[in-house]
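K.L.:
I am attaching a structure below and will ask some questions about it afterwards.
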Amino acid sequence: MTLTVTAQPRPRGVPWAAAAACLLSFAAFWLAQRAADVNLLDLSVYRAEGETVLSGGDLYALRVTSANLPTTYPPFAALLFTPLTLVGVPEMQVLATLANLLLLVALAHLSLRLVRLGPPGRGGRVTAWAARPRAALWLAAVVVWCEPVWQTFRYGQINLLIAVAVLGDLTRREGSRWAGVGIGLATAVKLTPGLFVVFLVLAGAARARSGGQAEWWNPWLRQAARATGTFLVVTVASHLVLPYDSRRFWTEMIFETSRVGRTEETANQSLSGVVARLLHTTDPGVWWVVAAVPVAVLGLVVAVRAALRGDRPVAVVACATTGLLVSPISWSHHWVWCVPVLVLLAVRARPVWAVAAALVFASNALWWVPHAPAPVRLELHQTPGQMLLSALYTLLGTGLLATLAVRRRGRTPGDTAGAPPDTAGLPVSGSGPGAGRSEVGSAAPRVVAGQPETGEGGSQAVAKE
């Protein structure tokens, strides 16, 4: 007589501990922001843009708050801001903060999903943990205290929305008809995500060249085309609704980078800001180009090569970091991409490097140097030590690209060597062979004393979402 034992996974319970920790961290964060008397300054600008659109005013003549802040985004963004006028200012601020908290959890989830689309790190242990639903809550509870995230909430910025739109696109299942739409919309709002379109075109062209005629219209090129089409559609639609403002933005405002802010400000964590502070000048001019062009080439090469070998996490992080470094202005709150960066380091790098990077983003060290709002220009007189502190994000990003360029991770037994470039790693949704199994391995669970061997939370295997 043969006794057959079927190993059934225990149903996943609600991750109460992770949810409670996340809520407590968010509540403490909210109280800390209130104690710091944050004013959500940029959110006030967004609301004023929406009001200007509804009243038919001149969008790019607008000056808002005591800081005389101008409109800097394309007209499409102003159209998106019109719903902000439907509620009062206090209600708008509360709703915007709650929305950003939800977006932070979404960014944490997408960052964890991203690392599951690449080779497992450190024997698969960290990658396996990243597959657990509670992981996003624990991660969000921690990264909410990082300086880029703090500043995003402080100003009521849309950086988390942009990052979620882009990362959601880049972690979709291959063949999704929506892949590219998020990048196109993000580019229509803030332009700089357009670098991801360049990356997709280069990666797709490289794959087409190496794969023959069958690969000439591959998923990367289709995604780039869809992103470009989305950008063009909403931009043309914005022109039809706001013809004067659209014409003025695309022929005048787009070239006036000084409208965004002072290049030498400590908050500017791009190469242009570092060069300006290093040279004690308000206009780094050609020296910024000399620094930015090689970094742009290096970053895109790293991203494309990673994509071709199926390492999507490195490809995405390299492209995002490149965009932050080469942009004329990358305020510290633009670096919310630190979330996927930290997750990647936690999976791939030695713990000491992951901890060091986390301390950089959580320490607020760049604000330890003398700084002041306009018209005072204290940043033009920094000492070498102060320059170092005020360049931490830029140095970390440049060092990350350099490390990724010179050190390619070796293949491991659990790797996806030999898989097609755009399908290497795990698919986003569980369909087809192996669905519901962990990237750590696909073997059936071992049965001990009539019970399946289980991991944390009582499940027999770490299932991907």
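The opening residue of the sequence shown carries number 1016 in our numbering; numbering runs sequentially from there.
Glycine residues also receive a C-beta, built at the ideal position from the N, C-alpha and C atoms.
1) Three-state secondary structure (DSSP) at residue 1265?
2) At the 7 angstroms Cβ level, is residue 1273 part of the contact set with chain D, yes or no?
3) How long is the line joining the alpha carbons of residue 1393 and residue 1110, rounded to whole angstroms?
4) Would DSSP call residue 1327 helix, strand or coil?
5) Give me the Cβ distance between residue 1072 and residue 1099, rounded to the nearest whole Å; I'm assuming they're in contact under 8 angstroms.
6) CA-CA distance, residue 1241 and residue 1360?
7) Taking the alpha-carbon of residue 1107 as reference, which of 1056, 1209, 1198, 1194 has the nearest alpha-carbon?
8) Would you please state the rounded distance, in angstroms, between the beta carbons of residue 1334 and residue 1211? I believe it to be under 8 angstroms.
9) Where does residue 1257 fall in DSSP's three states?
10) With burial defined as no fewer than 16 other Cβ atoms inside 10 Å of the residue's Cβ, what is the status of residue 1270: buried or exposed?
11) Based on Cα-Cα distance, which residue from 1255, 1045, 1214 lies nearest to residue 1327?
12) Run the CB neighbour count on residue 1081, radius 10 Å, all protein chains shown included, and call it buried at 16 or more, exposed below.
13) Buried or exposed: which applies to residue 1163, given that a residue is buried once 16 or more other Cβ atoms fall within 10 Å of its Cβ?
14) Identify which residue in 1350, 1319, 1155 has its Cα closest to the Cα of residue 1035.
15) Within this structure, are the beta carbons of residue 1310 and residue 1340 separated by less than 7 angstroms?
16) Which residues bound the alpha helix (DSSP H) around residue 1050?
17) Below 8 angstroms on the Cβ atoms is my contact criterion, and I expect residue 1179 with residue 1121 to pass it. Report the Cβ-Cβ distance as a whole number of Å.
18) Pair every Cβ in the region 1256–1270 with every Cβ in the region 1216–1225, then say whether three or more of these pairs are closer than 8 angstroms.
19) From the DSSP output, in three-state form, read off residue 1350 for me.
20) With a threshold of 6 angstroms on Cβ separation, who are the neighbours of residue 1379 within its own chain once the five nearest residues in sequence on each side are excluded?
21) Would you report the Cα separation of residue 1523 and residue 1387, rounded to the nearest angstrom?
22) Provide the residue span of the alpha helix (DSSP H) that contains residue 1184, from first to last.
23) For residue 1225, count neighbouring C-beta atoms within 10 Å of its own C-beta (all shown protein chains included) and say buried if the count is 16 or more, exposed if not.
24) How far does the alpha helix (DSSP H) with residue 1198 in it reach, from first residue to last?
25) Residue 1147 by DSSP, collapsed to three states: which one?
26) Across which residues does DSSP place residue 1078 in a beta bridge pair?
27) Do residue 1332 and residue 1356 come within 7 angstroms of each other at the CB atom, strictly closer than that value?
28) Which same chain residues end up closer than 6 angstroms to residue 1257 when comparing Cβ atoms and leaving out the 5 residues on each side of it in sequence?
29) Pull the bridge partners of residue 1283 from the DSSP assignment, please.
30) Quick test of your reading: residue 1216 and residue 1236, contact by CB under 8 angstroms. State the CB separation rounded to the nearest angstrom.
31) Does DSSP classify residue 1238 as helix, strand or coil?
32) Roughly how many whole angstroms lie between the Cα atoms of residue 1453 and residue 1362?
33) Would DSSP call residue 1298 helix, strand or coil?
34) Hey, how far is the Cα of residue 1413 from the Cα of residue 1404?
35) Candidates 1343, 1318, 1039, 1096: which alpha carbon is nearest residue 1290's?
P.N.:
In brief:
1) helix
2) In the structure shown, chain D cannot be found, because there is only a single protein chain.
3) 36 angstroms
4) helix
5) Not confirmed; about 16 angstroms, so no contact.
6) 31 angstroms
7) 1056
8) 6 angstroms
9) coil
10) exposed
11) 1214
12) exposed
13) buried
14) Taking only the C-alpha atoms, the option nearest residue 1035 is 1155.
15) yes
16) 1031–1050
17) 5 angstroms
18) In short, these stretches do not touch, since the Cβ pair count stays below three.
19) helix
20) 1162
21) Not covered by the structure: residue 1523. The range shown for the chain is 1016 to 1480.
22) 1174–1185
23) exposed
24) Taken as a continuous stretch (DSSP letters only), the alpha helix (DSSP H) holding residue 1198 covers 1196–1205.
25) coil
26) 1085
27) yes
28) Closer than 6 angstroms at the Cβ level, and outside the excluded window around residue 1257, lie 1090.
29) As a beta-bridge residue in DSSP terms, residue 1283 pairs with 1346.
30) Indeed they touch by this definition, with Cβ atoms about 7 angstroms apart.
31) In the structure shown, residue 1238 sits in a helix (DSSP, three-state: H, G or I).
32) Since pLDDT at residue 1453 reaches only 34, below the 50 mark, its modelled position is unreliable, and no value is offered.
33) coil
34) 15 angstroms
35) 1343
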